[in-house]
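Written below as structure tokens is the structure these notes are about.
Residue numbers (this note's numbering): 1 to 647.
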């Protein structure tokens with residue numbers, strides 16, 4: 001190769017390298033060990049052929065570069081190794097120019113298609129175009145394949161500060177869209193850090209793809225650095241988990257992971273050993289979803305449907321309860337409720353699936369709910385329950401006759417028998433019930449009573465909203481303003497804590513989508529979930545609602561939102577303690593212990609990160625602060641000082 005064929009790269013300025021010094025320098029895609037010795041410059045490959053030690057981080061001894069890992073010596077100009085010609089390293093020409101020292105390298109060789117390319121191509125064929133993760137030493141091969149896919153416009157990659165945030169973001173993406181995003185980590189702690197967010201996805205039945213880099217297969221199981229049994233670690237959290245090996249059908253393994261994640265609404269997981277990621281696979285074909293996914297919109301059995309219709313026909317005050325499993329079928333459920341004049345209650349996790357402005361909507365049932373919902377529950381003589389899991393926090397009365405609709409047979413009659421278990425798609429079943437209904441002259445129009453109960457509750461909310469407990473802003477005031485100001489098409493991500501209970505009671509939804517860590521109840525979910533929601537719906541307003549305890553767990557990833565220009569409005573209720581835990585200690589007649597928090601000025605922190613930040617201590621400033629934050633183009637944080645007893 002002639003010098004005309006080389007690509008020349010400036011390595012250092014002329015005065016940067018001292019006599020007798022060696023340093024490592026990136027030159028294009030190469031890294032060289034650059035030496036200045038006796039007025040000459042030499043450049044050799046930075047990688048020691050023994051175990052890959054970085055020669056540029058070594059020392060010059062007796063005019064030789066000594067490898068910092070194992071002491072091999074190399075001539076800085078010829079690359080000759082003291083250990084013999086088998087260990088010689090490549091040299092590169094050097095030119096001293098007026099503006100610095102240049103090194104010539106050959107143009108990069110064409111990239112061979114690898115196993116990682118096959119996996120990523122299959123992933124994007126299935127529609128997975130969003131990845132949250134952290135690049136590290138045991139996932140570089142798959143990371144490079146993602147890089148190529150991103151350059152080709154097929155993938156968006158968001159580098160996070162903690163893998164737990166990546167998993168929460170991917171879980172939130174799945175909850176909002178019903179489609180999987182991917183989260184990505186290295187061997188050992190990089191993958192175990194994913195587990196909490198993945199358990200959230202498992203608990204709330206959200207599809208997620210998890211990708212784990214792993215140690216080289218030759219050292220796996222031998223106690224190598226960061227070597228743990230990832231298949232064992234992920235066995236409980238994943239609906240599918242497999243090791244990608246050299247002889248695997250690589251595209252098929254990715255297809256299996258995604259098919260399980262989508263159909264079983266859970267975590268599909270692949271472990272990728274370091275050396276397998278870069279195996280060449282020039283002729284391997286990527287896979288895709290064609291012919292792989294059935295239509296799941298199945299109707300219930302005719303006999304069970306007829307039984308349900310007979311029970312509905314006998315009811316005079318039926319009531320509808322919707323869980324998160326009804327999220328994508330609400331029009332059919334609401335149409336049925338309207339035909340029956342039946343109040344509609346939601347589980348906490350399903351908040352927002354029906355507008356609180358609807359004349360039949362009663363808000364959330366249960367511990368985080370409204371007195372409107374509990375009142376109407378007590379009056380009902382039949383419960384039609386769609387896509388709910390009957391959690392102990394939900395408050396569905398067990399002594400009422402229940403018709404339960406779910407796509408999962410294991411969810412039907414989960415904790416106790418129900419009157420009629422209906423196995424079928426929520427939307428298809430609701431439409432079938434509506435189609436088969438016969439008029440019942442004794443059916444009560446419950447809308448006036450719903451309106452009456454809302455009037456009572458709104459008057460009480462208004463009374464609480466003018467309070468200033470402890471000279472701080474009342475939670476009722478915060479959510480009254482948010483109900484008024486948050487755009488109707490917003491996505492709200494809610495963390496765990498006292499603020500979540502206040503949100504359930506006080507915030508009135510219109511057309512907003514609400515995401516939370518429902519059954520896992522993991523503190524820290526709120527802000528990473530907002531990143532996932534923004535990635536899924538960047539054209540919608542994204543509002544994160546957290547407490548100081550939850551945000552403190554993933555504080556560093558606020559910089560991630562700034563880095564990628566995520567348009568997230570963060571409403572942070574700062575009461576200086578883990579107030580829900582304080583309440584539980586008092587309820588158990590324990591002393592309040594170790595729940596106080598030492599917090600920074602969160603608004604100042606947001607500004608230090610390069611975002612909008614404003615602290616509110618007076619309720620009079622709340623409206624203007626929230627309005628400014630909602631209109632700020634990029635991440636914005638409103639820190640509101642609230643009283644721990646206010647909820």
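For glycine and all other residues, C-beta sits at the position ideal for the given N, C-alpha and C.
Among the options, the one whose alpha carbon lies nearest that of residue i
i: residue 85; options: 74, 136, 209; result: 74
i: residue 166; options: 376, 507, 525, 277; result: 525
i: residue 360; options: 376, 121, 24, 19; result: 376
i: residue 38; options: 18, 279, 142, 99; result: 18
i: residue 434; options: 134, 586, 276, 310; result: 310
i: residue 184; options: 140, 226, 346; result: 140
i: residue 138; options: 128, 228, 202, 131; result: 228
i: residue 558; options: 579, 531, 577, 383; result: 531
i: residue 16; options: 32, 327, 100; result: 100
i: residue 169; options: 633, 544, 621, 634; result: 544
i: residue 61; options: 397, 195, 97, 22; result: 22
i: residue 551; options: 539, 233, 496; result: 496
i: residue 408; options: 588, 516, 326, 291; result: 326
i: residue 203; options: 236, 232, 226; result: 236
i: residue 541; options: 556, 388, 566, 53; result: 566
i: residue 302; options: 397, 395, 420; result: 420
i: residue 350; options: 394, 335, 485; result: 394
i: residue 425; options: 405, 417, 175; result: 405
Proximity of residue i and residue j at Cβ, strictly below 8 Å
i: residue 244; j: residue 272; result: yes
i: residue 380; j: residue 423; result: no
i: residue 523; j: residue 549; result: yes
i: residue 242; j: residue 279; result: no
i: residue 582; j: residue 501; result: no
i: residue 373; j: residue 347; result: no
i: residue 212; j: residue 187; result: yes
i: residue 333; j: residue 386; result: yes
i: residue 637; j: residue 612; result: yes
i: residue 322; j: residue 504; result: no
i: residue 216; j: residue 274; result: yes
i: residue 687; j: residue 577; result: Nothing can be reported for residue 687, as the shown portion of the chain is limited to 1 through 647.
i: residue 564; j: residue 527; result: no
i: residue 130; j: residue 201; result: no
i: residue 383; j: residue 400; result: yes
i: residue 622; j: residue 477; result: yes
i: residue 481; j: residue 506; result: no
i: residue 473; j: residue 619; result: yes
Close Cβ partners of residue i (< 7 Å) along its chain, the five nearest in sequence each way excluded
i: residue 105; result: 6, 7, 9, 27, 28, 30, 92
i: residue 48; result: 55, 67, 69, 72
i: residue 265; result: 205, 206, 207
i: residue 286; result: 118, 121, 122, 125, 251
i: residue 574; result: 548, 599, 602, 639, 640, 641, 642
i: residue 415; result: 390
i: residue 308; result: 403, 420, 422, 433
Sheet register partners of residue i (DSSP bridge)
i: residue 636; result: 569, 612
i: residue 70; result: DSSP, once it has assigned bridges, lists no residue as partnering residue 70.
i: residue 577; result: 596
i: residue 44; result: 33, 91
i: residue 174; result: Residue 174 pairs with nothing; no bridge assigned.
i: residue 199; result: Answer is none; residue 199 lacks a bridge partner.
i: residue 65; result: 60, 74
i: residue 102; result: 10, 95
i: residue 212; result: 185, 271
Contact set for residue i: own chain, Cβ-Cβ below 6 Å, skip 5 residues either direction
i: residue 268; result: 209, 240, 257, 258, 260, 261
i: residue 42; result: 35, 76, 77
i: residue 585; result: 592
i: residue 94; result: 41, 43, 103
i: residue 518; result: 204, 349
i: residue 157; result: 131, 146, 150
Sequence-distant residues of the same chain with beta carbon closer than 8 Å to residue i, five excluded per side
i: residue 661; result: Not covered by the structure: residue 661. The range shown for the chain is 1 to 647.
i: residue 89; result: 44, 45, 47, 48, 49, 55, 74, 79, 81
i: residue 13; result: 99, 100, 101
Residue i: CB within 7 Å of a non-hydrogen atom of the ligand ADP
i: residue 518; result: Within the structure as shown, the ligand ADP is missing, as the structure has no ligands at all.
Legend entry - Inter-stretch contact at 8 Å, needing at least 3 Cβ pairs: the stretch 182-195 / the stretch 338-347: With fewer than three CB-CB distances shorter than 8 Å, the stretch 182-195 does not count as touching the stretch 338-347.
Legend entry - Stretch pair the stretch 307-326 + the stretch 152-161: three plus CB contacts closer than 8 Å: Taking a cut-off of 8 Å for Cβ pairs, the stretch 307-326 and the stretch 152-161 do not touch, as fewer than three such pairs fall below it.
Inset, instruction - Would you be able to state if there are at least three C-beta pairs under 8 Å between the stretch 290-298 and the stretch 154-168? - result: Taking 8 Å as the limit for Cβ pairs, the verdict is that the stretch 290-298 does not touch the stretch 154-168.
Inset, instruction - State whether the stretch 418-438 contacts the stretch 457-470, with contact taken as three or more CB pairs (one from each stretch) at a distance under 8 Å. - result: Contact fails: fewer than three Cβ-Cβ distances are below 8 Å.
Legend entry - Sufficient close CB pairs (3 or more, under 8 Å) joining the stretch 424-432 to the stretch 350-357: With a cut-off of 8 Å, the stretch 350-357 and the stretch 424-432 do not count as touching, because too few Cβ pairs lie within range.
Legend entry - Stretch-stretch touch, CB-based, cutoff 8 Å, three pairs: the stretch 532-539 with the stretch 221-232: No: fewer than three Cβ pairs fall under 8 Å.
Inset, instruction - Tell me, please, whether the stretch 511-522 touches the stretch 484-497 by the rule of three or more beta-carbon pairs shorter than 8 Å. - result: The stretch 511-522 makes contact with the stretch 484-497, as at least three CB pairs between them are under 8 Å.
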